[in-house]
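Read the structure below first, then the notes.
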Amino acid sequence: MASAAEQLAANLNWGSFSKATDLKKRLWFTLGALIVFRLCSFVPLPGIDPVQLELLFDQTRGGVLDFVNMFSGGALERMSIVALNIMPYITASIIVQLMTSLSPSMAQLKKEGESGRKKINQYTRYGTVALTLFQGYGIAVGLEGWGAGQGASAVLDPGWFFRITTMITLLGGTMFLMWLGEQITARGIGNGISLIIMAGIVATLPGALAGLFEQGRTGAMSGIVILAIILAVILVIAFICFMERAQRRILVQYPKRQVGNRMSQGESSHLPLKLNTAGVIPPIFASSLLLMPLTVAQFAGQNSQNEWMIAVTTALQHGSPLYMSLYAFGIIFFCFFYTAVVFNPEETADNLKRQGGFIPGIRPGEKTTQYLDYVLTRITVVGAAYLTLICLIPEFLISSFALPFYFGGTSLLIVVNVTMDTVAQIQSHLLAHQYEGLIKKAKLRGNRR
Numbered sequence: 003m004a005s006a007a008e009q010l011a012a013n014l015n016w017g018s019f020s021k022a023t024d025l026k027k028r029l030w031f032t033l034g035a036l037i038v039f040r041l042c043s044f045v046p047l048p049g050i051d052p053v054q055l056e057l058l059f060d061q062t063r064g065g066v067l068d069f070v071n072m073f074s075g076g077a078l079e080r081m082s083i084v085a086l087n088i089m090p091y092i093t094a095s096i097i098v099q100l101m102t103s104l105s106p107s108m109a110q111l112k113k114e115g116e117s118g119r120k121k122i123n124q125y126t127r128y129g130t131v132a133l134t135l136f137q138g139y140g141i142a143v144g145l146e147g148w149g150a151g152q153g154a155s156a157v158l159d160p161g162w163f164f165r166i167t168t169m170i171t172l173l174g175g176t177m178f179l180m181w182l183g184e185q186i187t188a189r190g191i192g193n194g195i196s197l198i199i200m201a202g203i204v205a206t207l208p209g210a211l212a213g214l215f216e217q218g219r220t221g222a223m224s225g226i227v228i229l230a231i232i233l234a235v236i237l238v239i240a241f242i243c244f245m246e247r248a249q250r251r252i253l254v255q256y257p258k259r260q261v262g263n264r265m266s267q268g269e270s271s272h273l274p275l276k277l278n279t280a281g282v283i284p285p286i287f288a289s290s291l292l293l294m295p296l297t298v299a300q301f302a303g304q305n306s307q308n309e310w311m312i313a314v315t316t317a318l319q320h321g322s323p324l325y326m327s328l329y330a331f332g333i334i335f336f337c338f339f340y341t342a343v344v345f346n347p348e349e350t351a352d353n354l355k356r357q358g359g360f361i362p363g364i365r366p367g368e369k370t371t372q373y374l375d376y377v378l379t380r381i382t383v384v385g386a387a388y389l390t391l392i393c394l395i396p397e398f399l400i401s402s403f404a405l406p407f408y409f410g411g412t413s414l415l416i417v418v419n420v421t422m423d424t425v426a427q428i429q430s431h432l433l434a435h436q437y438e439g440l441i442k443k444a445k446l447r448g449n450r451r
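Whatever position you read off the sequence shown (first residue = 1), add 2 for the numbering used here.
Right, here's the structure in full:
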């Protein structure tokens, strides 16, 4: 039988949305913050010739820069102050989280609660500054030499002043986006970092659709292929929704308890384990860690005469076996790594033991820990395979049909996941608002009596 909370959630009244003033304030704040992000993506770096930059960027279509440009919402193509987007912050977060698993001192910080979390966040910010300055210098040097052999340069006045200005400007843009994402998480709806990435992808979607239909109009792509692509996108979205809601429910039973002079019946519940516990984090982490050095190598390799630099940029082009293998390995690794960070079987088993709960047929304590770890490992294998399959679809489509990146699994996975999480948070706010309304009504009835 459904609980009162489940019945209330099933009968959630979206008409009460107009009365939820706090939720409306959060939604307006989130929308305003995303608009600010989009406006910043149109502010160019100082000392850049936009006409020459557009011509040079068109010569590298289909490469690594296009993929980075997708996550930044076209900011890299315009070389704006937020061209690096939030990727340095994500890369720094990966490094710090790896250190908390490998370093005993960092692991101790994680156990110190709020104070330890603040210190870890501080280290992440320091890492973001270092990575942004490194990438900014590589991009500045690459821009100075990009197109120099053709007698065209995107930089108006090359030199150290331009390099330092570029590094400081990109650092300011990245740190501003990091702060903006934290503000969205605290004062808005949803995860701020994920929403910023999703906003960049969604902003480039109209241009991708226009390019697809333009190929059909010019005859470069047949109408049947376009319909097949649209159908495939719908099926992929439906498959992502199905897999993201899939979970393995482990039966948990509680013994009979005596409350005063009454004996309560034993209860049973379920411990839900999501098939994809890591969510959208593995593809974001894998792409961020892989694209950070590739972005610098791509810019530096435009005018480089070093054979190794040319070999690296050639071998790691989209659709190449090496790139796809590294991307798949990164997704699988971070799927298991982040699942281990989010869900601790030993801690869950201890909590069940303290509450008197047990899994039928499994002894409490160490045996329960081993069983949860066994089940979690099995479903994570399926989740990692699902994520890898979804994220590698775009590479095959791009190499076969010359499609834009926006119709790939990585972008769809991010958009669908973030949308589902945001809608779930909106529903929880509405549910809390309805609970507050019920409590107020109960108090009024009590006062009348």
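Just so it is clear, CB atoms sit at the ideal spot from N, CA and C, and this is done for glycine as well.
Bear in mind that the values here come from a model prediction, so they are computed numbers and not experimental data.
Leaving out the 5 sequence neighbours to the left and right, which residues in its chain are closer than 7 Å to residue i when beta-carbon positions are compared?
i: Asp423; result: Gly192, Asn193
i: Leu179; result: Phe39, Val84, Asn87, Ile88, Ile198
i: Thr206; result: Met72, Gly75, Gly76, Tyr408
Where residue i and residue j are concerned, what is the direct C-alpha to C-alpha distance, given to the nearest angstrom?
i: Ile242; j: Pro208; result: 22 Å
i: Met177; j: Thr130; result: 8 Å
i: Gly367; j: Leu100; result: 28 Å
i: Gly174; j: Leu354; result: 47 Å
i: Gly76; j: Lys26; result: 29 Å
i: Met501; j: Ile395; result: With the chain running from 3 to 451 in the structure shown, residue 501 is simply not present.
i: Asn419; j: Phe136; result: 31 Å
i: Gly202; j: Ala351; result: 41 Å
i: Thr171; j: Val45; result: 11 Å
i: Tyr373; j: Ile364; result: 8 Å
i: Ala330; j: Thr390; result: 6 Å
i: Lys113; j: Val417; result: 33 Å
i: Ala434; j: Gly281; result: 25 Å
i: Gln463; j: Gly118; result: Not covered by the structure: residue 463. The range shown for the chain is 3 to 451.
i: Ile239; j: Pro257; result: 42 Å
i: Pro48; j: Ala426; result: 41 Å
i: Tyr388; j: Gly218; result: 31 Å
i: Leu229; j: Val235; result: 10 Å
i: Ile232; j: Pro323; result: 27 Å
i: Phe371; j: Glu349; result: In the sequence under discussion, the amino acid at residue 371 is Thr, which differs from the Phe named in the question. Those two C-alpha atoms are separated by around 8 Å.
i: Phe398; j: Gly221; result: 21 Å
i: Phe163; j: Val343; result: 43 Å
i: Trp148; j: Ile226; result: 40 Å
i: Met452; j: Leu273; result: Outside the shown range of the chain (3 to 451) lies residue 452, about which nothing can therefore be said.
i: Glu246; j: Gly411; result: 14 Å
In the DSSP output, which residue or residues are listed as bridge partners for residue i?
i: Tyr256; result: Glu269
i: Val157; result: Ile50
i: Ser82; result: Pro46
i: Arg380; result: Bridge partners of Arg380: none, in fact.
i: Leu275; result: Arg250
i: Phe360; result: Gln255
Flag this pair as yes or no: are the beta carbons of residue i and residue j separated by less than 8 Å?
i: Met89; j: Ser413; result: no
i: Ile283; j: Phe336; result: yes
i: Ala35; j: Gly190; result: yes
i: His431; j: Ala109; result: no
i: Gln255; j: Gly115; result: no
i: Thr187; j: Leu133; result: no
i: Leu253; j: Ile96; result: no
i: Leu111; j: Ile122; result: yes
i: Ile381; j: Leu415; result: no
i: Ser107; j: Ser74; result: no
Kindly indicate if chain C contains any beta-carbon less than 8 Å away from that of residue i.
i: Pro106; result: Absent from the structure: chain C. Only one protein chain is present.
Suppose the cutoff is 8 Å on Cβ atoms and the five residues either side in sequence are ignored; what does the same chain contact list for residue i look like?
i: Gly332; result: Pro284, Phe287, Ala288, Ser289, Leu291, Leu292
i: Ile50; result: Met81, Leu145, Ala156, Val157, Leu158
i: Leu378; result: Leu275, Thr279, Thr341, Phe345, Pro347
i: Val384; result: Leu277
i: Val98; result: Met108, Ile122, Tyr125, Thr126, Gly129
i: Leu237; result: none
If you drop the 5 nearest sequence neighbours on each side, which residues of the same chain put their C-beta closer than 6 Å to that of residue i?
i: Ala248; result: Leu277
i: Arg28; result: Gly190, Ile191
i: Ser270; result: Gln255
i: Thr32; result: Ile186, Gly190, Ile191
i: Gly183; result: Gly194, Ile195, Ile198
*Would you say the region 166 to 185 touches the region 132 to 147, given that touching needs at least three Cβ pairs under 8 Å?*
In this structure the region 166 to 185 lies against the region 132 to 147, because at least three pairs of beta carbons, one per stretch, are closer than 8 Å.
*Please confirm if the region 325 to 336 is in contact with the region 284 to 291, defined as three or more CB-CB distances below 8 Å between the two stretches.*
When Cβ pairs closer than 8 Å are counted between the two stretches, the region 325 to 336 is seen to touch the region 284 to 291, the count reaching three or more.
*Say whether the region 44 to 61 touches the region 208 to 218, bearing in mind that this needs 3 or more beta-carbon pairs closer than 8 Å, one atom from each stretch.*
Short answer: they don't touch.
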